[in-house]
Amino acid sequence: MVVLSAAVISTGKTLVARQFVEMTRLRIEGLLSAFQKLVDSGRDHTFIETETVRYLYQPMESLHLLVITNKSSNILEDLETLRLLAKVVQDCCQIQVNEENVLKHAFDIVFSFDEVVSFGHRESVTLSQIKSYTEMDSHEEKLHQMIEQSKINEAREMAKKKQLELKKARLQDGGGSGPKMDGFGGGFFHAPPGTMPMRLGLLCEGTRGDCQPYVAFGLELVRQSFEVCVFTTVTHTKFVRSFGLRCEGVFYDVQACLAREDVKDAMSTGSFFNLMASTQPVQDEEFPKFFPHFWSSISAFAPEVCEAHEVPSLSKRQESTGGSAQNAAGGTEPVVVASSLPRRLRSMRKQRSIAEMSMQGTPITISDQNVKLSELASGIDSRAPEMGPRHHLTAWWVLEASHEMERVKEGDENFGGANAEALASFLGSGPPPVYLGWGSMTAISAAHMTKLAVATLLKTGQRGIVMKRWAELGPEHLDTAELSEYAAENVFFASVLPHEWLFPKCSRIVSHGGSGTTAATLRSGRPAVITPVFLDQFDFAESVETLGVGVSTCQFNKVSAQQLASCILKCASDESIMAKAAELGARLDAENGVSNAVAILRAFVSEWTHEEW
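The opening residue of the sequence shown carries number 1 in UniProt numbering; numbering runs sequentially from there.
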């Protein structure tokens, strides 16, 4: 008996599927699609045979459980497998087998399927054994958890002692006046005028685009007399400190992680699941190294309020089997779990909480979700989650163009200061160029991305500025004389660029659609072309088209030079797009997200100290 695949399907789409033998995705999708056509033809049996495979199925309320085998398998064994898998699905869904519960428990269903079928053959197991296996923790895992918990408990005890010492010191410095209340990481103390300023801790992981908004927010907080410390990755400590902000590197080096060949290969596929699977071992390895420093640093600073950037956590591999790509990236479309799903995800599932995906950049949580600030301008994303009374849209947190230009003049390498004169010369030597930059994203390879960018510019006849960034794009990757000659005359390559200052001087902006880059693009008033890779980038791509301020493409690793050139030319010829982009840019440029955020924070703190929150 060889079981090819097992799936739970509803009318017109697959909810979750697991394949057990080597098979291309197109093949499995074709088999699943063919079954639904056969069922629709009016046949009423528990199995259907074609020339190559046998389908066995069982209705489960409004859904179908489907098992696909080869024709040489024992049909009686197949039916036993089908019945056992049906019990598994029912047990995983607990209350009712419907679309919502199947998607909610997709991980559990797949892991249980793996216990029933291994390499196409049914294992001799019962439902109770399956439940026991999937819930089982190894001795090593339990020991590891005990050690980590003991470290956390020890750090908490040290933090409590430090908290008491700091509280006594504050009472002495402040003369005992002012309202007090216990808060995150220390006694909450609203300092009266002339005494110690309030301390605010900012936590952020991720790339430069994730970190820079916190720099803007931190600078405004300091300007308004807050004491601030940014807790971020070691990648960004030098960058943050260059602004005079206190900073501690408490997370692993994200740039070094993304530079690993296995991680670059995973990102080049365009699959968020592959990327997370490749970075997970790095995170697991680095966590024990950085956690003690993280805990001691935040305990020593003892923030009265701590704000954390909630990076979306991994839930499941998501591949679109129907509907729009942006919905698939956001987690609302059917799920296909391919055979490459490693069993080791079980331990990851047990060690780390699995939450639903949220838009990167939102929400920003203050004091354990007492209030939320979303770094997003109103009206940009109509599909954003429904907001509660304590959830505020502040507008984007940005470093103003004038601030960036000051850093460029100072020769700051974080804003391309070393290339300032060459960039100014290029901008002044011809018409406004097209900007092409994909930040920390990688599609296929650096050579592919470089050739895509230059070939696109060649097809449009435009000049261009290409961001090298972490993928390390550059003219050395060009392998034809035509592209090399065109790049030498018409393309400026730079590792880092000041987006707020530069984008208004360009004609169109091509990017991956990251939150920070999209903010600078829309604020510039220039048409946007978004080539999304995953997650919220699809949301911003959809929003750009809905707002009529640009166009989007298919997933970045599937984009051709011809398609990208067509998008750029459309933005150049469509007067409506140009007018709407300029109008939106003027509106967004007038907003001050960091000022709004600080005002909300002050209101929150004031009301909290009076127990009104």
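Think of the CB as a built atom: it goes at the ideal place given N, C-alpha and C, for glycine as much as any other residue.
Self-check item: Spatially closest choice to residue 74 from 86, 592, 55 and 63, by CA coordinates
Solution: 55
Quiz item: Where does the unbroken alpha helix (DSSP H) through residue 493 begin, and where does it stop?
Solution: Where residue 493 is concerned, there is no enclosing alpha helix (DSSP H), although the beta strand (DSSP E) it sits in stretches over 491–494.
Quiz item: Beta carbon of residue 157: closer than 7 Å to some heavy atom of the ligand GDP?
Solution: Summarising the ligand content, the structure contains no ligands, and the ligand GDP is consequently not present.
Quiz prompt | Closest by C-alpha distance to residue 216, when choosing among 403, 99 and 50 | solution = 403
Quiz item: beta strand (DSSP E) containing residue 516: first to last residue?
Solution: From DSSP, residue 516 is part of no beta strand (DSSP E) but of the alpha helix (DSSP H) over 515–524.
Practice problem: Check whether the Cβ atoms of residue 68 and residue 92 lie closer than 8 Å to each other. | Solution: no
Exercise. Spatial neighbours of residue 233 within its chain, please: CB distance less than 7 Å, with the 5 preceding and 5 following residues excluded, ordered by chain position.
Key: 205, 249, 251, 252, 253 and 254
Practice problem: Measure the CB-CB distance between residue 525 and residue 455 and report whether it falls below 8 Å. | Solution: no
Exercise. Grab me the residues of residue 20's own chain with a C-beta within less than 6 Å of its C-beta, minus the 5 sequence neighbours each way, in chain order.
Key: 3, 117 and 120
Quiz item: So which of 129, 51 and 238 has the shortest CA-CA distance to residue 72?
Solution: 51
Exercise. Using the Cα positions of residue 572 and residue 453, report the straight-line distance between them to the nearest angstrom.
Key: 17 Å
Quiz item: Three-state secondary structure (DSSP) at residue 251?
Solution: strand
Self-check item: Proximity below 8 Å, CB of residue 544 to CB of residue 531
Solution: no
Exercise. Please report how far the alpha carbon of residue 486 lies from the alpha carbon of residue 596, in whole angstroms.
Key: 46 Å
Quiz prompt | residue 228 versus 89, 244 and 275, residue with shortest Cα-Cα distance | solution = 244
Exercise. Assign residue 577 to buried or exposed, taking buried as 16 or more other Cβ atoms, counted over all protein chains shown, within 10 Å of its Cβ.
Key: buried
Quiz item: Is residue 419 buried or exposed, if buried means 16 or more other CB atoms sit within 10 Å of its CB?
Solution: buried
Quiz item: Just to confirm, are residue 430 and residue 469 a CB contact at a threshold of 8 Å?
Solution: no
Exercise. Within the same chain, show all residues whose beta-carbon is closer than 6 Å to that of residue 480, passing over the 5 residues directly before and after it, in chain order.
Key: none
Quiz prompt | Residue burial classification, residue 411 (beta-carbon count within 10 angstroms, cutoff 16) | solution = exposed
Quiz item: Between the Cα of residue 271 and the Cα atoms of 462, 415, 36 and 535, which residue gives the shortest distance?
Solution: 535
Quiz item: Should residue 299 be labelled buried (16 or more other beta-carbon atoms within 10 Å of its own) or exposed?
Solution: buried
Quiz item: Under a three-way DSSP split, which group does residue 290 fall into?
Solution: helix
Exercise. Can you give me the start and stop residues for the beta strand (DSSP E) that residue 459 sits inside?
Key: First-last for residue 459: 446–460, but that is the alpha helix (DSSP H), not the beta strand (DSSP E).
Exercise. Provide the residue span of the beta strand (DSSP E) that contains residue 528, from first to last.
Key: 528–530
Quiz prompt | Pairwise C-alpha distance: residue 230 and residue 240 | solution = 8 Å
Quiz item: Near residue 10, what residues of its chain come up, given a Cβ to Cβ distance below 6 Å and the 5 sequence neighbours on each side ignored?
Solution: 63 and 99
Quiz item: What residues match up with residue 633 in a beta bridge as DSSP calls it?
Solution: Only positions 1 to 613 of the chain appear in the structure, and residue 633 is not among them; the question remains open.
Quiz item: What's the call for residue 18, buried or exposed, on a 16-neighbour Cβ count within 10 Å?
Solution: buried
Exercise. Please list the segments of the alpha helix (DSSP H) lying wholly inside the segment 205–233, counting only runs of 4 or more residues, in order along the chain.
Key: 208–223
Quiz item: Quick one, are the C-beta atoms of residue 414 and residue 496 less than 8 Å apart?
Solution: yes
Exercise. Under 7 Å Cβ to Cβ from residue 426, same chain only, skipping five residues before and after it: list those, please.
Key: 492
Quiz item: Taking Cβ to Cβ, would you say residue 32 is nearer than 8 Å to residue 48?
Solution: no
Practice problem: Can you tell me the Cβ-Cβ gap for residue 439 and residue 81, rounded? I've got them flagged as a contact below 8 Å. | Solution: The Cβ separation is near 47 Å, so there is no contact.
Quiz prompt | Whole-angstrom distance between residue 201 and residue 400, CA atom to CA atom | solution = 23 Å
Practice problem: Output yes or no for whether 8 Å exceeds the beta carbon distance between residue 408 and residue 498. | Solution: yes
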